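Using the working numbering, read the sequence shown as starting at 30 and increasing by one per residue.
Virtual Cβ for every residue (Gly too), placed ideally from N, Cα, C.
Computed from a prediction, not measured in an experiment: that's the story for all the values here.
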Amino acid sequence: MASTKPPQKPADQCPILTIPVLEHAKAATLGTLPDGFAAHTKTDPQTGEVHAVAYSYLQDNVQHIVIDKTGRVVRVTEIPVRDKPMMHDFALTEKYVVLYDLPVTFSLDAAKAGKFPYVWNPAHEARVGLLSREDSSDGTRWFPVEPCFVFHTLNAFDDGDGVCVDMCRYAGRYDVSLLTGPGPVTLDRWTIDPVSGKVALRSLSDRFFQEFPRVNDRVISRPHRYGYTTSFKQLRDHVIAPAPEAGHSSGNVLIKHDVQTGAVEEHNFERGAAGEAVFAPASLSAGEGEGYLMSFAHDLDGSKTDLVILAAQDFASEPVARIHLPVRVPLGFHGSWIADR
Ligand SMILES: [Fe+2]
């Protein structure tokens, strides 16, 4: 008897790292994952719930997926969208899932031509959506924003009736296949006001080409003070091709932001391009900013990789440790850390 199961959704794949997450996710969710999964998930540090937003060119809906502490999918909410937009990441607050429905959408023509199958689509309205975390049916409220694309979220949190979303934003006609566009990448904040329906945009930093934003994972979905980003242009230019975007790059640095005061510190890598920094708390009771940042520093000639550890509260100083790895780690952008407990 033929199976009636719908076609398997492909896993979201980071365009640079090509992360094969589907099989891993299926194993991790004990067979309860209905279709595909996502490149980026958010774990609520208070509840232990894992949230994901899955999209596919095979489906007109995207899925909000909730996984409980036992590793089982406990809720899947189907959210209708038009044009099959690329949703590489999303944001999570205590109350909401924040969806990025932006004008980078699936293109069969690009796929047939052997190109990256998601392209800038000026006919697709740019909007962000608020879905209650507890909704099991689609009750998403959508709010228009300026045309842009967002790969990665720093963090988000509820602020009264509103929602603040900090993210790296690519303004204008953005080409995801080349990671380039008419404007530089900026670290910005959307403040969504569900009452007025307005989304206010403000810049969090005057430094361009920042990407791979991280906070201390203990504050995901709750208000944060500190954020960490990586300078992006040098590594992007090396991996893909030199891009002519206007504006200055911060060079080859990790950047620490205090979003309450606006203070910025940089750790300059004289040798090696820095990858995404992962925050490790100093102790179980440590405050948000007390801990260490871990990042790969790649020699761009591909010869060596160091694991560099910075003290978060002495960010610009010499690293606490620079560990020369016995193997070369291929150039990449993202980073993760799994504690040995
Ligand atoms: Fe990513």
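| Query | Result |
| --- | --- |
| Bounding residues of the alpha helix (DSSP H) (the contiguous stretch that carries Leu233) | Looking at the DSSP string, Leu233 is not in any alpha helix (DSSP H), and its letter there is neither H nor E. |
| Assigned exposure category for Ala275 - 16 Cβ within 10 Å defines buried | Reliability fails at Ala275, whose pLDDT of 49 lies under 50, so the model's placement of it is uncertain and no value is given. |
| Neighbour-count burial assignment, Gly256, 16 or more Cβ in a 10 Å radius | buried |
| Where Ile45 falls: helix, strand or coil (DSSP) | Low local confidence applies: a pLDDT of 35 at Ile45 is under 50, so the model's placement there is unreliable, and no value is given. |
| Supposed close pair Phe373, Val358 - CB separation, criterion 8 Å | Coverage of the chain is limited to positions 30 through 370, which leaves residue 373 absent and any answer about it impossible. |
| Segment contact, 8 Å Cβ cut-off, at least three pairs: the segment 81-89 with the segment 111-121 | yes |
| Sequence-distant residues of the same chain with beta carbon closer than 6 Å to Val79, five excluded per side | Thr70, Thr72, Ile96 |
| One or two residues paired with Arg156 in a DSSP bridge | Asp130, Pro173 |
| Boundaries of the beta strand (DSSP E) in which Leu354 is found, first to last residue | Per DSSP, Leu354 belongs to no beta strand (DSSP E) and is neither H nor E. |
| Where Asp188 falls, given that 16 or more other Cβ within 10 Å makes a residue buried | exposed |
| Inter-residue spacing [alpha-carbon to alpha-carbon] between Val224 and Tyr125 | 15 Å |
| CB contact flag (Gly226, Phe172, <8 Å) | yes |
| C-beta atoms of Cys193 and Leu216 nearer than 8 Å | no |
| Runs of alpha helix (DSSP H) lying entirely within the segment 184-248, each at least 4 residues, in chain order | none |
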